[in-house]
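Working notes, beginning with the structure itself.
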Amino acid sequence: MVKSKTTRRKPITKNLVIVESPAKAKTIEKYLGRNYKVLASKGHIRDLPKSRMGVDLENNYQPTYISIRGKGDTIKELKKAAKNAKNVYLAADPDREGEAIAWHVSYVLGLDLQDKNRVVFNEITKDAVKEAFKHPRIVNMNLVNAQQARRVLDRLVGYSISPILWQKVKKGLSAGRVQSIALKLVIEREKAIQQFKPQEYWTITSHFQSGSSSKEVFAANFVGLNGHKEELPSQTAVQAILQKIDKKKKFTVEKVVKKQRQRYPAAPFTTSSLQQEANRKLNFKTRKTMMLAQQLYEGINLGARQGNVGLITYMRTDSTRIAAVAKHETSQFIHDEYGADYAAVKLHKTKNPEGAQDAHEAIRPTSVLRTPQSLKKVLTPDQYRLYNLIWLRFVASEMTPAVMDTMKVTLAQNQVQFQATGSQIKFDGFLKLYQDDKKTKDNLLPALTEGQEVQIVDINPEQHFTQPPARYSEAALVKALEENGVGRPSTYSPTIETIQKRYYVKLNGRSFEPTELGEIVDNLIEKYFPDIVNIDFTAHLEDELDGIEAGKEEWTQVVDEYYQPFSKELKNADEKIEKLQIKDEPAGMNCDICGAPMVIKLGRYGKFYACSRFPDCRNTKPIIKEIGVTCPKCHRGQVVERKSKKRRLFYGCSRYPDCDFVDWNKPINRNCPKDGHYLIEKKVKGGRQILCPNGDYQEEIQK
Numbered sequence: 001m002v003k004s005k006t007t008r009r010k011p012i013t014k015n016l017v018i019v020e021s022p023a024k025a026k027t028i029e030k031y032l033g034r035n036y037k038v039l040a041s042k043g044h045i046r047d048l049p050k051s052r053m054g055v056d057l058e059n060n061y062q063p064t065y066i067s068i069r070g071k072g073d074t075i076k077e078l079k080k081a082a083k084n085a086k087n088v089y090l091a092a093d094p095d096r097e098g099e100a101i102a103w104h105v106s107y108v109l110g111l112d113l114q115d116k117n118r119v120v121f122n123e124i125t126k127d128a129v130k131e132a133f134k135h136p137r138i139v140n141m142n143l144v145n146a147q148q149a150r151r152v153l154d155r156l157v158g159y160s161i162s163p164i165l166w167q168k169v170k171k172g173l174s175a176g177r178v179q180s181i182a183l184k185l186v187i188e189r190e191k192a193i194q195q196f197k198p199q200e201y202w203t204i205t206s207h208f209q210s211g212s213s214s215k216e217v218f219a220a221n222f223v224g225l226n227g228h229k230e231e232l233p234s235q236t237a238v239q240a241i242l243q244k245i246d247k248k249k250k251f252t253v254e255k256v257v258k259k260q261r262q263r264y265p266a267a268p269f270t271t272s273s274l275q276q277e278a279n280r281k282l283n284f285k286t287r288k289t290m291m292l293a294q295q296l297y298e299g300i301n302l303g304a305r306q307g308n309v310g311l312i313t314y315m316r317t318d319s320t321r322i323a324a325v326a327k328h329e330t331s332q333f334i335h336d337e338y339g340a341d342y343a344a345v346k347l348h349k350t351k352n353p354e355g356a357q358d359a360h361e362a363i364r365p366t367s368v369l370r371t372p373q374s375l376k377k378v379l380t381p382d383q384y385r386l387y388n389l390i391w392l393r394f395v396a397s398e399m400t401p402a403v404m405d406t407m408k409v410t411l412a413q414n415q416v417q418f419q420a421t422g423s424q425i426k427f428d429g430f431l432k433l434y435q436d437d438k439k440t441k442d443n444l445l446p447a448l449t450e451g452q453e454v455q456i457v458d459i460n461p462e463q464h465f466t467q468p469p470a471r472y473s474e475a476a477l478v479k480a481l482e483e484n485g486v487g488r489p490s491t492y493s494p495t496i497e498t499i500q501k502r503y504y505v506k507l508n509g510r511s512f513e514p515t516e517l518g519e520i521v522d523n524l525i526e527k528y529f530p531d532i533v534n535i536d537f538t539a540h541l542e543d544e545l546d547g548i549e550a551g552k553e554e555w556t557q558v559v560d561e562y563y564q565p566f567s568k569e570l571k572n573a574d575e576k577i578e579k580l581q582i583k584d585e586p587a588g589m590n591c592d593i594c595g596a597p598m599v600i601k602l603g604r605y606g607k608f609y610a611c612s613r614f615p616d617c618r619n620t621k622p623i624i625k626e627i628g629v630t631c632p633k634c635h636r637g638q639v640v641e642r643k644s645k646k647r648r649l650f651y652g653c654s655r656y657p658d659c660d661f662v663d664w665n666k667p668i669n670r671n672c673p674k675d676g677h678y679l680i681e682k683k684v685k686g687g688r689q690i691l692c693p694n695g696d697y698q699e700e701i702q703k
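First residue of the sequence shown: 1, per the UniProt record's numbering; consecutive thereafter.
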C-alpha cells in the first residue's frame with residue numbers, strides 16, 4: 001500500500017494593523033476579522049534622547065530620534081509581523097501625536113511614505129472602523145511637522161532653561177512654554193488677591209404683601225430713585241433712602257413686565273469643557289478625566305455577545321460638531337423615550353470656539369442607545385460617572401430649550417424704587433435630563449397689576465464688602481489657558497500635573513496656591529525670558545503650529561523665528577543670574593538623634609524639618625500643623641493635619657503610631673449633645689456644616 005504524501009499548508013498571510021494601545025488592538029481585531037492581525041506600539045517607539053538636547057542647532061534644527069528604552073521587544077515584534085504581512089496599516093489616534101507615532105512606526109519598519117496605509121477613525125465601533133479601512137491615505141506630513149515643531153520647541157526651551165535653574169536655584173526644576181504661563185496665571189491671581197482692597201457696599205431688601213394671604217408676600221430689592229439707578233456705598237447713603245420711605249404708606253406697582261424666554265442647552269463636550277465639568281461636578285482631576293475617557297474610547301468589554309466596544313468618540317477635540325447620523329439617532333431616541341415635545345424640531349447648530357481646529361467631532365457616546373444605566377454593571381464606578389456625564393450632556397444638547405415665564409415688577413413710593421423678579425419653568429425641555437450651573441428653581445411672584453398698591457412688611461438694610469477674585473481650581477485654570485489660546489486639548493492635563501510635581505503650586509482644598517519656589521522661578525523667567533511668559537506671544541505660536549498643520553508654514557522657519565531671540569536671552573541669563581541661596585530657617589528645636597539645631601528646608605513636596613548637620617545626620621520630620629483639638633481617642637495627643645500618599649488632607653493624632661486616630665473630616669472641640677461622639681466640620685456648598693458622624697445631629701451651615 002502506497003502512502004499518500006501530505007502537503008503542508010502555507011500560513012495565511014494576514015494584514016497587519018498597528019494601533020497605540022493593547023486595549024484598542026483587541027477591539028479592532030474583533031471588528032476586522034480573521035484576515036487582520038492587530039498589534040499595539042504602546043505609544044511612541046521613538047523620541048528625542050533624554051540625556052542630551054537631541055536637536056542639531058547647526059543643521060536647521062533637525063531632531064535626532066532614538067528608540068525609546070524598554071521598547072526593544074515591541075519593535076522586534078512589529079518588525080517580525082510586518083515582514084510576513086500582506087499589507088501594513090497604521091491606525092494610531094487621529095491627531096498630531098497619533099500622526100507622528102504612525103510616521104515613526106513607518107520609519108522603523110521601512111515603509112514607503114507614499115503608501116496609502118494610514119487609517120483614522122473618530123470612534124471605535126464596527127461600522128466606523130470598517131468604513132475607515134475603505135479609505136486609507138498617506139501619512140500627513142503637515143500634521144507630523146506640527147507635532148515635531150512643538151516637540152523641538154519644548155525641548156529647546158526645557159533643555160536650555162532647566163540647567164540654568166538647576167545651577168542658579170536648585171536641582172530638579174524645569175521650565176516650559178505652557179507650564180510657565182500656567183504658573184504665571186496662578187501667581188498673578190495670588191497677587192491680585194493680596195493687593196485686593198475690600199469696598200463697602202449696602203443693599204436694602206424689603207418684603208411686601210399684596211393681599212391677606214402669606215402666599216402673597218414677596219421680596220424686592222432697592223434699585224434707585226426716580227428711574228435712576230443708585231449705589232449704596234455707606235450707611236449714610238442707606239439712611240438717606242430710609243428717611244424717604246413712609247412705612248405707613250403703601251407702595252404702588254409702577255410697572256409689570258412679563259416675558260417668556262428660552263434657555264438653550266449647552267453644546268456637547270470638547271476636551272476642555274469635559275475637564276472643567278468633570279472637575280466641578282465629579283471632583284475629578286484633569287489627569288483622571290483623560291485616563292477614564294481614554295478607557296471609554298478604546299473599548300469596554302460588554303460581555304460575550306458584544307465583546308470590546310468603544311463607548312465614546314475621540315476625547316481630544318476642540319470642536320462641538322456632531323455627525324448627522326448621530327444627530328438623527330439621538331433625535332429618534334429622545335422622541336421615543338421622552339416624547340415629541342422634547343425632541344428638537346430644528347437640529348441645533350453649535351458654534352465652535354474661536355481658533356478651534358475642528359479636526360474631530362465633539363465628545364459623545366458612539367451610540368445613544370447605550371444608556372448609562374444599561375452599562376452600569378460593566379463599568380467601574382468612576383467610568384460610569386464620567387460616561388453618564390458625557391451621555392447626559394450630549395443627549396440634552398439635542399433636546400428642546402427650556403421655556404421660562406419671567407416677571408419683573410417695579411414698586412415706588414416717594415420716588416424710591418424697589419424691584420422684584422420672578423420666574424417659573426413653563427416647560428423643562430433639556431432640564432428634564434441635564435441640570436446646568438444656572439438656577440432652575442421657580443421663584444413665583446403673586447399676580448400683580450400696574451397701579452395696584454402693596455403694603456411694606458419690613459425693611460432690611462445689609463452691609464457687604466466686595467470679595468477678592470477666587471483662586472484657580474483645576475477647572476478654572478483649564479478655562480483660563482483655553483481662553484488665552486495657550487496650549488491645546490492634549491496639553492492641559494500634563495501641564496497642570498507638571499507644575500504640581502515641581503512644587504511650583506500646591507492645592508489648598510480645590511484651589512491652587514503658588515509656593516515660594518514657584519514665585520522664585522516665575523520671577524527669574526519673567527525677568528530673563530519675557531517671551532516665554534508673554535501670553536500673546538505664546539498664543540501666537542500656537543496659531544503658527546496650526547499654520548504648519550494646514551501646510552501654510554514651514555516648521556523649521558517657525559522654530560527659527562522663536563529660537564533666535566530666545567538664544568540671546570539664554571546667553572544674557574547665564575551671565576547675569578546670580579546663584580540664589582534658598583536659606584534654611586531655624587526650626588526652634590533640637591534634633592532628637594544628635595542634639596544639633598533643626599532647620600526648616602524646602603524640598604520637592606514643600607517644607608520639612610531636617611537636622612542642620614546633614615549629611616552627617618539625616619534626621620528629618622514632616623512639619624505638622626496642630627488644629628487646637630485634643631485627640632478624641634487617646635485624649636493625650638493633639639489632632640494634626642497630615643497628607644496621604646496622594647496628597648489628600650486628613651487628620652490624625654500627633655502620637656501616631658502609639659495612637660491610630662484618623663479622620664478625613666476636621667474634628668472640633670465639642671461633642672455631640674445626643675451621643676457624646678466628637679463633632680466634625682465638613683465643607684459644603686455655601687459654607688461649613690457641623691455634624692456628628694455617628695448619627696443624625698447637625699447644625700446650621702456657617703458661612
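Note that CB positions come from ideal geometry on N, CA and C, so glycine has one too.
Bounding residues of the beta strand (DSSP E) (the contiguous stretch that carries residue i)
i	result
Met-407	402-413
Met-589	585-590
Gln-328	At residue 328 the sequence reads His, which differs from the Gln that was named. From DSSP, His-328 is part of no beta strand (DSSP E) but of the alpha helix (DSSP H) over 324-338.
Leu-602	597-603
Gln-235	First-last for Gln-235: 235-244, but that is the alpha helix (DSSP H), not the beta strand (DSSP E).
Thr-630	625-630
Tyr-297	Where Tyr-297 is concerned, there is no enclosing beta strand (DSSP E), although the alpha helix (DSSP H) it sits in stretches over 286-298.
Gln-373	Premise fails: Gln-373 lies in the alpha helix (DSSP H), 372-375, not in any beta strand (DSSP E).
Lys-126	Not the beta strand (DSSP E): Lys-126 falls in the alpha helix (DSSP H), residues 126-132.
Arg-670	666-671
Beta-bridge pairing of residue i - partner residues as DSSP gives them
i	result
Leu-649	Lys-643
Lys-258	Met-407
Glu-553	In the DSSP output, where bridge partners are listed per residue, Glu-553 has none listed.
Trp-202	Gln-463
Leu-225	His-228, Val-416
Ser-423	Thr-406, Asn-443
Lys-682	Gln-689
Gln-638	Thr-630
Val-662	Gly-652
Buried versus exposed, by CB contacts within 10 Å (16 or more), residue i
i	result
Lys-285	buried
Ile-582	exposed
Gly-72	exposed
Asp-358	Low local confidence applies: a pLDDT of 44 at Asp-358 is under 50, so the model's placement there is unreliable, with the coordinate-based value given in what follows. So Asp-358 counts as exposed.
Cys-591	buried
Thr-449	exposed
Glu-700	exposed
Val-345	exposed
Gly-695	exposed
Val-17	buried
Ile-623	exposed
Gln-239	exposed
Asn-301	exposed
Asn-35	exposed
Val-257	exposed
Test: residue i CB closer than 8 Å to a CB of chain C
i	result
Leu-481	Note that chain C does not occur in the displayed structure, where there is just one protein chain.
Bounding residues of the alpha helix (DSSP H) (the contiguous stretch that carries residue i)
i	result
Ala-149	141-168
Val-395	381-397
Arg-177	177-195
Leu-282	271-282
Checklist line | Contained alpha helix (DSSP H) runs [length at least 4] in the region 481-533, N- to C-terminal order | finding: 492-501, 516-528
Item checked: the region 516-536 touching the region 175-183, judged by at least three CB pairs closer than 8 Å -> yes
Next item on the list: Spell out a yes or no on whether the region 226-240 and the region 392-408 are touching, meaning 3 or more CB-CB pairs, one atom from each, closer than 8 Å.
Entry: no
Note to self: Could you check whether the region 298-316 touches the region 253-265, counting it as contact only if at least three pairs of C-beta atoms, one from each stretch, sit closer than 8 Å?
What the structure shows: no
Item checked: Stretch pair the region 294-305 + the region 20-38: three plus CB contacts closer than 8 Å -> yes
Item checked: Runs of beta strand (DSSP E) lying entirely within the UniProt domain "Toprim" (14-124), each at least 3 residues, in chain order -> 15-19, 36-40, 88-90
Next item on the list: Kindly confirm or deny that the region 270-279 and the region 372-379 touch, where touching means at least three C-beta pairs closer than 8 Å.
Entry: no
Margin query: Under 8 Å: do the region 534-554 and the region 146-163 share three or more Cβ pairs, one atom per stretch?
Written below: yes
Notebook entry, point to check: Below 8 Å, can you find three or more Cβ-Cβ pairs linking the region 58-74 to the region 110-129?
Noted result: no
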